[in-house]
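Residue numbers for the sequence shown, in our numbering: 7 to 148. Read through the structure below, which is laid out as structure tokens, and then see the notes.
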Amino acid sequence: MTVRLRAHHLLCMLTYVGKGYSPAFVENYEVIAARLSAGEEIELVAGPDDICGPLTADSEAHCHGASVIARDRAAADAVARLIGSPLPLGARITPTLALIELLRANFATGEIRGACTGCEWSDLCDQVAGDAFASARVAPTR
Ligand code: SF4
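Here you go:
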């Protein structure tokens with residue numbers, strides 16, 4: 007199995023602290039956070055992914071929107087630049103402790119946060135990063 011993630015969720019997974027759009031969304035995200043913490047491989051996908059799942063029954067859900075697709079592009083470019091490797095659709099990424107720490111360090115400085123512009127959760131993500139990600143739910147150990 008892989009965790010199917012759209013590119014901007016490579017950022018969101020860094021700051022997830024158990025908050026989200028609905029109880030079903032959070033319940034699903036908790037399972038995904040545990041899978042990522044256990045080191046399950048990520049597969050980069052286009053559009054709605056495993057995190058979006060509980061929202062996509064609604065055809066009006068923002069997950070389908072052009073602005074979110076642009077957010078994906080910006081996140082993929084930023085993370086690819088950081089890791090020095092392209093991130094095409096279908097890329098496989100292992101969420102190791104070293105990778106999550108690298109991403110969080112560069113998230114905290116703003117280096118890879120261009121994709122966050124205009125996001126309604128930005129203040130929360132600022133707080134999580136400012137607190138050194140202490141309450142973040144994705145927590146690989148190796
Ligand atoms: S600000 Fe929005 S896009 Fe950026 S990490 Fe937080 S939830 Fe994700």
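Glycine included, C-beta positions come from ideal geometry on N, C-alpha and C.
With a beta-carbon spacing of about 19 Å, aspartate 64 and isoleucine 38 fall beyond the 8 Å limit used to define contacts. With a beta-carbon spacing of about 16 Å, arginine 143 and tyrosine 27 fall beyond the 8 Å limit used to define contacts.
If you look at arginine 10, you'll find it in the beta strand (DSSP E) that goes 9–12.
Shortest gap from the CB of arginine 77 to any heavy atom of the ligand SF4: under 7 Å. Secondary structure note for glutamate 47: it is in no beta strand (DSSP E), with a DSSP letter that is neither H nor E. Residue pairing from DSSP places isoleucine 99 in a beta bridge opposite Ile48. Taking 8 Å as the cut-off, the beta carbon of valine 85 is found no closer than this to the beta carbon of leucine 95. Taking 7 Å as the cut-off, the C-beta of alanine 121 counts as close to a heavy atom of the ligand SF4.
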